[in-house]
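For the record, the sequence lines run as chains A and B. Just so you know, the first sequence maps onto residues 1 to 287 in the working numbering. Just so you know, the second sequence maps onto residues 1001 to 1367 in the working numbering. Where a beta carbon is used, it is the ideal one built from N, C-alpha and C, also for glycine.
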Amino acid sequence: MVALQLFVNGIVTGCALGVVAISFSLIYSTLRIFHVAHAGIYTMGGYVAYSLVMHGVPDILALLLAMVAAAMAGAAIQVLLYQRLAARKGTHLVVLIASLGLLAVIQNLLAAIYSANILQFPGAWSGEIVNLGDGIRLTKVQFLTVIVCILAYIGMMLFAHRTLLGKRIRAVASNPFLAEITRLRPQAVYVYVIAIASAVVCLPGVLVPYDLGLQPYGGVTPLLTATIAMIAGGVGSITGAFLLSVAISVVQNLSLLVMPGEWSIGVTFFVFVIFMLFRPTGLFAAR
Amino acid sequence: MTRSSTMRAAVVLAGLASAATPALAKDIQLGAILPLTGPGAVVGTQEERGIQFATDQINAKGGIDGHKIVVQFEDNQAKPDQAVLSFNKLVDLQGVPAIFTGYSGPTLAIAPLATRKKVLLINAGAQSDKLATASPYLVNTLPTTQDEVAIMSKYLIAHGKKKAAVLYENDAAGIGGRDDFVRLFKKDGGTILAQEPAQFGQTDYRPALLKLSAAKPDVLFVVITAGMVPLADQLAQMKVPYLVAGTSFMADPAAIADPNSTGLIHTQVHIDAPADLASAFHAKFNADMDFFARQYYNAAQITFTVIKKVLDEKKPVTGSNLRTALFQIRHFQGLIPMDFATNTAVVPVDINRMEHGKDVTISANGK
Chain A
1 MVALQLFVNG IVTGCALGVV AISFSLIYST LRIFHVAHAG IYTMGGYVAY
51 SLVMHGVPDI LALLLAMVAA AMAGAAIQVL LYQRLAARKG THLVVLIASL
101 GLLAVIQNLL AAIYSANILQ FPGAWSGEIV NLGDGIRLTK VQFLTVIVCI
151 LAYIGMMLFA HRTLLGKRIR AVASNPFLAE ITRLRPQAVY VYVIAIASAV
201 VCLPGVLVPY DLGLQPYGGV TPLLTATIAM IAGGVGSITG AFLLSVAISV
251 VQNLSLLVMP GEWSIGVTFF VFVIFMLFRP TGLFAAR
Chain B
1001 MTRSSTMRAA VVLAGLASAA TPALAKDIQL GAILPLTGPG AVVGTQEERG
1051 IQFATDQINA KGGIDGHKIV VQFEDNQAKP DQAVLSFNKL VDLQGVPAIF
1101 TGYSGPTLAI APLATRKKVL LINAGAQSDK LATASPYLVN TLPTTQDEVA
1151 IMSKYLIAHG KKKAAVLYEN DAAGIGGRDD FVRLFKKDGG TILAQEPAQF
1201 GQTDYRPALL KLSAAKPDVL FVVITAGMVP LADQLAQMKV PYLVAGTSFM
1251 ADPAAIADPN STGLIHTQVH IDAPADLASA FHAKFNADMD FFARQYYNAA
1301 QITFTVIKKV LDEKKPVTGS NLRTALFQIR HFQGLIPMDF ATNTAVVPVD
1351 INRMEHGKDV TISANGK
């Protein structure tokens, strides 16, 4: 029973991480920018929703408005920061450092406005228990996280493969130079990509703090794990990023059965390092 | 009048003015290295307020023998390396003779430096056992974790809770608390069934709680310094059948206010603030004067008493003289009676139970 509950908990955490991974992957595979400030957007989305909920806005509306706010913030980052750095021939390292700096600014702003305390969303519904049988229990918000994140994964797949904009993004990601001369306007696509990814990352950015509380510095660890999942899954593969996120979380949870918690993260990532040695392009990389 | 004669007149007038006015007493600079950002900031901010409140009070009364007190606050983010940087800045650049400190890891990191540079460290928030002997220049106004754990261990055994699991923070404070509990609980006749770590600032305890619950303990002993509210919520969601106990680390005001914390018990250093003091604090900071604010207010008052003794003896306010004066005074009566027979003060410790938003004493002074 403990193993099954750990497995289910791993699925919950993994689905949330999976959405962080696919949104980060969308940015990285298209813009080729290691957008570390995505962790700040993830955290900011939670705080925007928190503020709205505290002012009486219904939970679902708060989530949607947080997504809009995040999309706008993401687009602003692309236009005001990354686009300008690209125009000035900023190297990848410069862009990475700028992104890191922006992350620090976002985190410190949030800490200054909301304090560094762990904030809890109001509303008892999120902590109510859903019994899945055999003693397997999830809170309502955990259950909702799984559903929403799986839907987000399916939505991203459909968006990437079935919509005109999705195909345009894939074309730009595949060959920006060709996209430019075929008038696909890569610069506009970059703005759409970062806005969409920022809105999507708000889903776990709001739902996870509903369960575990909000912290201004809470976005870095999920992003780090999601990045590893993205690389292990194969850069550019939505399915790879999502499935590897779930796999990492499940392995991390189940490893508690055979080892103390302080070893589980190290051992889990050691396994993935070994895996990468044999398949450095990732599990689902395009051949 | 030429420019040079004007200058001469100004110099003469300035000289006359300075001769007529008594010399202004020099400000006394103190330091404070606390976590003001990051997961520890909830505690660090209250500690800062406690010191600032006491400082403002003494300065409003004219300072100490005419010397205003100025406290330079530095943010260590609860990180040892940041604490070292802050220490060097305060001591080498500002020349402070005494520094308020908190959190075990950062305090242990700067303790050897304090010994070398003869700077008095006043810790009113950290409780690792190693703090008791870390430096002759480090004084602790709180008992160490070991002292609190000893009281809780005896209480648990006396109430039939003989099988324990331990959830601890994977840092100096948490590991020290775990080791104390394991050693003392076994010595008192108890059995340790399982133990699991949590990272500082972590808020998802479910995997660890699942594993610990599977061991079917009578009591879960918790040693974490942040994230008590999510822990209480997750314990309530899991409907755990066992008692949950800890030390004063648990006394996060937000956790006490959380209805899901009902039933959690913890040791607590008995330190109350008079109503007028608490309301003045609230009026100033728009926040309650919680445990850590009271602790650091008290620590600041002790420091001021020691500074006054040094000044009265016409000695320079150095870390060495402050340390000597502190142990000469030895007994302090601030918000609580405090005795410095060693570097770590002996103070009363209660056992409290969180009940629907309140922290109720169920065993006064461990009895």
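Option in B:LYS1186, B:LYS1284 and B:ILE1302 with minimal Cα separation from ALA1165 (chain B): B:LYS1186
Per-residue contacts from THR1037 (chain B) into chain A (C-beta, under 8 Å): ASN108, ALA111 and ALA116
CB contact check: LEU207 (chain A) to chain B, cutoff 8 Å: no
7 Å Cβ cut-off: residues of chain A touching ASN1170 (chain B): GLU262
Cβ-Cβ distance between PHE1200 (chain B) and ASP1171 (chain B) below 8 Å: yes
Span separating the alpha-carbon of ALA1226 (chain B) from that of ARG183 (chain A): 53 Å
Whole-angstrom distance between LEU119 (chain A) and VAL68 (chain A), CA atom to CA atom: 22 Å
For GLY1015 (chain B), the three-state DSSP class (helix, strand or coil): No answer about GLY1015 (chain B) holds up, because its pLDDT of 48 lies below 50 and its placement is not dependable.
Residue-chain proximity (ASP1290 (chain B), chain A), Cβ-Cβ < 8 Å: no
Where the alpha helix (DSSP H) through LYS1186 (chain B) begins and ends: 1172–1187
Contact under 8 Å by Cβ, ARG1178 (chain B) with GLN1195 (chain B): yes
Cutoff 6 Å; reference GLN1301 (chain B); Cβ partners in own chain excluding five residues on either side: ALA1054 and GLY1334
Near-chain B residues of the segment 126–141 of chain A (beta-carbon distance less than 8 Å), N- to C-terminal order: GLY127, ILE129, ARG137 and THR139
Reference ILE22 (chain A), options A:ASN9, A:HIS38 and A:ILE60, closest by Cα: A:HIS38
Backbone CA spacing between LYS1323 (chain B) and ALA1254 (chain B) [nearest angstrom]: Residue identity check: residue 1323 (chain B) is Arg in the sequence provided, not Lys. Going by the C-alpha atoms only, they are around 36 Å apart.
Under 8 Å from the C-beta of LEU212 (chain A): neighbouring residues of chain B: THR1203, ASP1204 and PRO1230
DSSP-derived helix/strand/coil call for TYR1103 (chain B): coil
8 Å Cβ cutoff, VAL2 (chain A) in contact with chain B: yes
Nearest neighbour of GLY1095 (chain B), chosen from B:ASP1288, B:VAL1240, B:ALA1032 and B:GLY1063 [CA to CA]: B:ALA1032
Contact belief for ILE1151 (chain B) with VAL1346 (chain B) at Cβ below 8 Å, rounded distance in angstroms: Contact flag wrong, Cβ pair sits at about 13 Å.
C-beta neighbour in chain A for GLN1046 (chain B), strict 8 Å: no
Host beta strand (DSSP E) of HIS38 (chain A) (start-end): Per DSSP, HIS38 (chain A) belongs to no beta strand (DSSP E); it is in the alpha helix (DSSP H), 38–54.
Own chain partners of THR1021 (chain B) with C-beta closer than 6 Å, once the 5 adjacent residues on each side are dropped: Residue placement at THR1021 (chain B) is poorly supported in this model, since its pLDDT is 43, which falls under 50; the coordinates still yield a value, given next. Hits under 6 Å: none found.
Three-way DSSP call (helix, strand, coil) for PHE284 (chain A) in this model: coil
Chain B residues whose Cβ lies nearer than 9 Å to that of TYR42 (chain A): Result: empty, since nearest Cβ-Cβ is about 15 Å, beyond 9 Å.
Residues sharing a beta bridge with GLN1029 (chain B), DSSP: B:VAL1070
Ranges of the beta strand (DSSP E) found wholly within the segment 1179–1235 of chain B, counting only runs of at least 3: 1191–1198 and 1219–1223
Complete runs of the beta strand (DSSP E) confined to the segment 1110–1149 of chain B [at least 3 residues]: 1120–1123 and 1138–1140
Test: ASN9 (chain A) CB closer than 8 Å to a CB of chain B: yes
ILE1151 (chain B) (DSSP reduced to helix, strand or coil): helix
Outcome for ARG1294 (chain B) when other beta-carbon atoms lying within 10 angstroms are tallied against a minimum of 16: buried
SER1441 (chain B): first and last residue of the uninterrupted beta strand (DSSP E) it sits in: This structure leaves residue 1441 (chain B) out entirely; chain B is present only between 1001 and 1367.
Coarse secondary structure for SER1363 (chain B), derived from DSSP in three states: strand
8 Å Cβ cutoff, GLN120 (chain A) in contact with chain B: yes
GLU1313 (chain B) burial status per 10 Å Cβ neighbour count (16 or more: buried): exposed
C-alpha gap between LEU1231 (chain B) and LEU1220 (chain B), whole angstroms: 12 Å
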